[in-house]
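Here's the structure, in C-alpha cells; my notes come after.
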Amino acid sequence: MTEARKLAAILVADIVGFSRLTASDEDRTLARIRTLRSDLVDPTIAVHRGRVVKSTGDGVLSEFRSGVDAVRCAMELQAGMIERNSGLPAERRIELRIGIHIGDVVEEADGDLMGDGVNIAARLEGIAKPGTICLSEDVYRQVRSRLDLAICDLGERVLKNIAEPMHVYALEAGTPPRHEPPVLTGATPAPLALLDKPSIAVLPFINMSGDAEQEFFTDGLTEDIITDLSNVPGFFVIARNSTFAYKGKPSDVRQIARDLGVKYILEGSARRSDKRLRVNVQLINGSEGGNHVWAERFDRDIADIFDVQDEVTRRVVEAISGKLGEKNIIARSRPSNLEAYDLCVRSRGKCNISRSDNSEACADLERAVQIDPNYCEAHSNLAISLLFGWIIWGEPQIPGRAKALMHAQRAVEIDPGDSHAHRILGCVQLYERNWDEAKFQFDVAVRQNPNNADAVAWMGELQIYLGEPQAALMACAEALRLNPGPPGWYFWIMGMAQISSGHYEEAVASLSREETYGTGSREHLIAALALAGRVSEAQEEARLFLAGNPNWRFGDLAANSPFRSMSIAQPFVDGWRLAGLPE
C-alpha cells in the first residue's frame with residue numbers, strides 16, 4: 084500500500100516523570116505501565132473507535148475519526164487515572180498529559196502517521212499540565228457544542244518548532260463527559276413498541292477463553308447466530324450493531340428489551356480451548372420480569388461449531404414459537420475449513436474503519452477464498468472490501484472494481500438463498516451504474532431476509548441516486564427500526580435523502596451526529612449547512628475538510644457518484660457552491 088494523505092484527530096499521551104518512576108523502581112513501574120496499557124489505555128481507545136498508531140515506554144500516539152471521539156477517550160483515560168491513583172502517595176502516582184489536534188497527516192504503508200497533525204498534537208501534550216488535556220482550536224470548535232465540558236481558554240501559545248502561535252484550550256481531569264446517545268431532533272425518542280410477532284435481540288456472547296485473541300471468534304459466533312435467527316420466517320431480529328453496543332457493559336435484560344423493542348433476549352458465553360468448544364446459552368423473556376425460558380450448555384469438538392450454531396437457532400425457535408425449529412430455519416452455506424472461517428470472521432467490519440484495515444481485510448479474505456473456494460461469505464465480504472477500496476479509500480479502480488463484481492457474483496452462484504450475498508451484489512451493481520440490477524438484488528435480499536437492515540438501508544441509498552428521496556426516507560426509517568443503534572452510515576444516507584427532499588436542517592442534524600460526523604459524510608454536511616442558510620458554518624467546515632482533502636473537487640464527486648442523472652445531484656452541487664468548495 085502506498086502512503087495516503089487524510090484528515091484525522093490525533094491524540095498523544097505521555098506519562099509524567101517516567102524517568103523518575105523507573106529510577107526508583109524500574110521493574111514495578113514497567114509492570115504497572117503494562118497493566119495500564121492492557122486494562123485502561125488500549126481498551127478505552129478501542130471503545131472510542133480509535134487506533135493505536137505507535138507506543139513507547141512512556142507514551143502512545145493514536146488516531147480517531149473525529150475530535151469528539153478523541154476528547155471523550157482522553158477524558159475517560161484521565162478519569163481512569165484518578166481512580167487508579169486514589170490512595171497512592173504522590174511519588175508512586177502515574178499521571179498523564181494529553182494533547183489533541185485535528186490536522187493533515189500522511190499514513191505510510193506500515194500504518195504509521197507523519198505530518199503537522201502529529202507534530203502539533205505532540206507539542207500540545209508537551210505543554211499540558213499533569214492530569215490535563217490540551218486542545219487545538221480546531222478540536223475546540225468541533226467539541227464545544229457536542230460535549231458538556233468545562234473548557235479553559237489558554238489563549239495563544241508558541242509551540243516548539245511550530246511556525247505560527249496557536250490558540251490552545253485545556254480540560255481539567257475529573258468526571259468523564261456525558262454519554263447520552265445523540266438524537267435526531269431535540270425530542271426524546273419514544274419507546275419502541277413490541278411488534279405482533281416473535282422478537283429477539285442476541286447480546287454479544289462473553290469470551291471465557293482467557294485469551295483476548297479469541298474475542299473475534301466469540302463475536303463471530305454471536306454474529307452467525309443473529310444471521311441464522313434473522314432468516315427464520317416471521318421472526319423480528321435486532322441487527323448486530325445495535326446489540327453490540329451493550330458489549331462489555333453491565334446488562335439489565337429487561338431494560339435492553341425495552342430499549343430495543345423486543346420480547347426476548349438471548350445471551351451466552353463461549354470458551355475455545357485447543358480443539359474443544361464450550362457454549363452456554365440462555366433465552367430470557369425480557370418483557371415479563373426477565374424470566375428464563377430456556378438454557379443449555381454445549382460441549383463439542385471445535386469442528387462442530389456450525390452444528391452448535393444450528394442447534395442453538397433451532398432450540399430458540401422451538402422455545403419461542405412452540406414449533407419444531409427444523410421446519411422454520413432456512414439453511415445457508417457453511418465454510419468447509421475452520422482456518423478460512425477464522426480469516427473471514429477476523430475481517431468482518433474492517434472495510435469501514437480505515438484504508439489499512441480494509442487492506443488487511445482484503446488480504447485475509449483473498450486467503451480465505453483460496454483455502455475454501457466455495458465459501459459464500461468470504462466471496463461477499465471480499466467484494467465489499469474491494470468496492471470500498473476504490474469508492475472510499477482511494478485504491479485504484481483497476482483491478483479492484485472488476486474483482487469486486489466477480490466475487491459478488493460468485494457468492495450468489497454459490498448460495499442463491501443467501502441474503503447477505505444478494506445485498507453485496509446490489510452494492511457493487513449500484514456503483515457499476517446498473518441501477519435496475521441493483522434494485523433487483525436488494526429486493527431479493529430483503530425478500531429472503533426481512534431483518535436484513537443493511538439491505539434496507541442500501542435500498543435507501545439507491546433510491547437517492549434514482550431521485551426518489553421520499554422512498555429513501557421510508558427505507559431509512561425501516562432500517563432504523565431493525566437496527567435502532569446503527570453504524571454512522573445509516574444517518575449519512577438519511578442526511579443525503581433529507582438534502583434531496585429539501586429538509587436541510589434535518590439533514591444537518593443527521594450528518595452532525597457523533598457516529599456520522601468525521602466520516603466520508605463530511606462533504607454532505609457542508610452542503611446541508613449551506614442550503615440551510617448557515618453559510619459561515621459551512622465555510623468553516625469546508626476549511627477543515629479541505630485541510631485534509633486538498634485535491635477534492637465537487638465536480639469529480641458528483642460525476643463519480645452513481646446518480647441516474649446529474650439533475651438529481653443538483654441540490655448537493657448548489658450547496659457546495661454556496662460553501663465555496665472548489666469545483
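Every number in my numbering is 83 more than the matching position in the sequence shown, counting from 1.
Beta carbons are placed, not taken as given, at the ideal position from N, Cα and C, and that holds for glycine.
When DSSP builds the beta bridges, which residues end up paired with residue 374? For this step, residue 374 is matched to residue 291 along the sequence shown. Beta-bridge pairing links residue 374 to 368.
Mapping DSSP to helix, strand and coil, what is residue 96? By one-based count along the sequence shown, residue 96 stands at place 13. In the three-state scheme derived from DSSP, where H, G and I count as helix and E and B as strand, residue 96 is classed as strand.
Does the contact criterion of 3 or more C-beta pairs under 8 Å hold for the stretch 534-552 versus the stretch 319-332? With the cut-off at 8 Å, the stretch 534-552 and the stretch 319-332 touch.
Residue 587 and residue 540 closer than 7 Å at C-beta: Taking the first residue of the sequence shown as 1, we reach residue 587 at position 504. Taking the first residue of the sequence shown as 1, we reach residue 540 at position 457. Their beta carbons are not under 7 Å apart, which means residue 587 does not touch residue 540 by this criterion.
In the DSSP assignment, find the unbroken alpha helix (DSSP H) run with residue 249 in it and report its ends. The residue given as residue 249 occupies position 166 in the sequence shown. Boundaries for residue 249: no alpha helix (DSSP H) harbours it, while the beta strand (DSSP E) harbouring it runs 249-255, taken from the DSSP string.
As a quick exercise: from 546, 654 and 655, pick the residue whose alpha carbon is nearest that of residue 647. The sequence position of residue 647 within the sequence shown is 564, counting from 1. Nearest of 546, 654 and 655 to residue 647, Cα basis: 546.
If we count the other Cβ atoms within 10 Å of its Cβ and call it buried at 16 or more, is residue 241 buried or exposed? What you label residue 241 is simply residue 158 of the sequence shown in a count that begins at 1. By the neighbour-count rule (16 or more Cβ atoms within 10 Å), residue 241 is not buried but exposed.
What residue ranges within the stretch 522-571 form continuous beta strand (DSSP E) runs of no fewer than 3 residues, ordered along the chain? For the stretch 522-571, not a single whole beta strand (DSSP E) run of length 3 or above is found.
Quick one: what's residue 457 bridged to in DSSP? Residue mapping note: residue 457 aligns to position 374 of the sequence shown, counting from 1. Note: residue 457 sits in no beta bridge, so no partner.
In the DSSP assignment, find the beta strand (DSSP E) that holds residue 283 and state where it starts and stops. Along the sequence shown, read from residue 1 onward, the residue named residue 283 stands at position 200. The continuous beta strand (DSSP E) containing residue 283 extends over residues 282-285.
Please state the DSSP three-state secondary structure of residue 187. Taking the first residue of the sequence shown as 1, we reach residue 187 at position 104. Of the three classes helix, strand and coil, the one that applies to residue 187 here is strand, per DSSP.
Given that a residue counts as buried once 16 or more other Cβ atoms are within 10 Å of its Cβ, and exposed if not, what is residue 445? For the purposes of this step, residue 445 is identified with residue 362 of the sequence shown, where counting begins at 1. In this structure residue 445 is buried. Its beta-carbon is surrounded by 16 or more other beta-carbon atoms within 10 angstroms.
Apart from the five residues on each side of it in sequence, which residues of its chain come closer than 7 Å, Cβ to Cβ, to residue 416? Against the sequence shown, residue 416 aligns to sequence position 333. If we look at residue 416 and ignore the five residues flanking it on each side, its Cβ neighbours are 459, 497, 498 and 501.
Determine, using beta carbons only, whether residue 288 and residue 355 come nearer to each other than 7 Å. Along the sequence shown, one-based indexing puts residue 288 at 205. Along the sequence shown, one-based indexing puts residue 355 at 272. Contact flag unset, no.
Is the stretch 656-666 touching the stretch 210-223 in the sense that three or more CB pairs, one from each, lie closer than 8 Å? Pairwise C-beta distances place the stretch 210-223 out of contact with the stretch 656-666, as fewer than three of them are shorter than 8 Å.
When the distance is taken between beta carbons, is residue 420 closer than 7 Å to residue 388? Position 305 of the sequence shown, counted from the first residue, corresponds to residue 388. Position 337 of the sequence shown, counted from the first residue, corresponds to residue 420. No; because the gap between Cβ atoms is not below 7 Å, this pair is not in contact.
Looking at the secondary structure, which residues open and close the beta strand (DSSP E) in which residue 124 lies? In the sequence shown, residue 124 corresponds to position 41, counting from 1. No beta strand (DSSP E) contains residue 124, which DSSP labels as neither H nor E.
Between which two residues does the beta strand (DSSP E) containing residue 240 stretch? Mapped onto the sequence shown, residue 240 falls at position 157. Under the DSSP assignment, residue 240 falls in the beta strand (DSSP E) whose first and last residues are 234-240.
If you count every other CB in all the chains shown that lies within 10 Å of the CB of residue 326, and 16 or more means buried, which is it? Along the sequence shown, one-based indexing puts residue 326 at 243. When all chains shown are included, residue 326 counts as buried.
Cβ-based burial, residue 668 [other Cβ within 10 Å; buried from 16]: Here the chain covers residues 84 to 666 and nothing more, so residue 668 does not appear.
Using the Cβ count rule (16 or more neighbours within 10 Å means buried), how would you classify residue 422? As a position in the sequence shown, residue 422 is number 339, starting the count at 1. Exposed: under 16 other Cβ atoms inside 10 Å.
Give the DSSP-derived three-state secondary structure of residue 379 in the structure shown. Start at 1 with the first residue of the sequence shown, and residue 379 comes out as number 296. In the displayed model, residue 379 falls within a strand according to three-state DSSP.
Can we say the stretch 479-486 touches the stretch 602-613, given the rule of at least three CB pairs closer than 8 Å? No: fewer than three Cβ pairs fall under 8 Å.
Who pairs with residue 182 in a beta bridge, going by DSSP? Counted from its first residue, the sequence shown places residue 182 at position 99. Residue 182 is bridged to 95 and 217.
Local conformation of residue 628 per DSSP, three classes: To locate residue 628, count along the sequence shown from 1; it is residue 545. If DSSP states are grouped into helix, strand and coil, residue 628 belongs with the helices.
Measuring straight from C-alpha to C-alpha, what distance separates residue 663 and residue 236? In the sequence shown, counting from the first residue as 1, residue 663 sits at position 580. In the sequence shown, counting from the first residue as 1, residue 236 sits at position 153. Each residue's CA atom was taken as its position, placing residue 663 and residue 236 some 30 Å apart.
For residue 304, the residue or residues it bridges with in DSSP: Taking the sequence shown and counting its residues from 1, one reaches residue 304 at position 221. None, per the DSSP bridge assignment.
Helix, strand or coil at residue 162 [DSSP, three-state]: Looking up residue 162 in the sequence shown gives position 79. It is helical.
May I ask you to check if the CB of residue 660 is nearer than 6 Å to at least one heavy atom of the ligand GDP? By its list of ligands, the structure shown contains no ligand whatsoever, and the ligand GDP lies outside what it can speak to.
Okay, do the stretch 184-204 and the stretch 107-115 touch, 3+ Cβ pairs below 8 Å being the bar? With a cut-off of 8 Å on Cβ pairs, the stretch 184-204 is not in contact with the stretch 107-115, counting fewer than three such pairs.
Roughly how many whole angstroms lie between the Cα atoms of residue 512 and residue 245? As a first step, residue 512 must be located in the sequence shown, where it is residue number 429. As a first step, residue 245 must be located in the sequence shown, where it is residue number 162. Between the alpha carbons of residue 512 and residue 245 lies a distance of about 48 Å.
Extent of the continuous beta strand (DSSP E) to which residue 134 belongs: For the purposes of this step, residue 134 is taken as residue 51 along the sequence shown, with counting starting at 1. Unbroken beta strand (DSSP E) run through residue 134: 134-138.
Pick helix, strand or coil for residue 399, following the three-state DSSP scheme. Counting from 1 along the sequence shown, the entry for residue 399 is found at position 316. In the structure shown, residue 399 sits in a helix (DSSP, three-state: H, G or I).
Hey, residue 352 and residue 368: beta-carbon distance below 7 Å or not? Taking the first residue of the sequence shown as 1, we reach residue 352 at position 269. Taking the first residue of the sequence shown as 1, we reach residue 368 at position 285. Not in contact: residue 352 and residue 368 (Cβ atoms no closer than 7 Å).
Within this structure, are the beta carbons of residue 154 and residue 145 separated by less than 7 Å? If you number the sequence shown from 1, residue 154 lands on position 71. If you number the sequence shown from 1, residue 145 lands on position 62. No, the pair does not count as a contact, with Cβ atoms beyond the cut-off.
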